[in-house]
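Structure, as structure tokens:
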Amino acid sequence: MPALQQLHRDYSTRGLIVIGINAREDKATIRRYAKKLGLTFPLLLDADGKINATYGVVGLPATFIIGRDGRAIAFAVGTREWTSAPARALVEALLTEPIARVGAL
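Here is the structure:
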């Protein structure tokens, strides 16, 4: 989560959106966790597991990378080095893609 927070800080002004989804703890626990880690990106609660089921999450943590056109670019289960040079290069490349327009071909 700290690595995702760093990406959020570094790239949110360029259009990167980080959203955390928690399927285990209650709201109070999530709030304490976010405050302790200084998380400023949105955290959602998936209390009934519908989001995980819909997206086929089989392990945690799970990360989805969605391009500007709404396509799933990558899916990872387990921890990753999101502040590493290769991860930053991926983010940079995705942020250079044009923003998809509704109704555009």
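Each residue of the sequence shown is one higher than the last, beginning at 971 in the numbering used here.
Cβ coordinates follow ideal geometry from the N, Cα and C atoms, glycine included.
Local conformation of residue i per DSSP, three classes
i, result
"PRO1013", "For clarity, residue 1013 is Leu in the given sequence; the question names Pro instead. It is a strand residue."
"ALA1063", "helix"
"ILE1069", "coil"
"ILE987", "coil"
"THR1053", "coil"
For residue j and residue i, the rounded distance between their alpha carbons
i, j, result
"GLY985", "LEU1065", "7 angstroms"
"PRO1031", "ARG1071", "31 angstroms"
"ILE1069", "ALA1042", "15 angstroms"
"ARG1087", "GLU995", "Since the first residue shown for the chain is 971 and the last is 1075, residue 1087 is missing from the structure and cannot be characterised."
"GLY990", "TYR1025", "14 angstroms"
"ALA1023", "ARG1050", "22 angstroms"
For residue i: DSSP bridge partner residues
i, result
"ALA1042", "ILE1036"
"ASN992", "LEU1015"
"VAL1119", "Residue 1119 is absent from the model: the chain starts at 971 and stops at 1075."
Whole-Å CB distance - residue i paired with residue j, under 8 angstroms assumed
i, j, result
"ASP1016", "ALA993", "4 angstroms"
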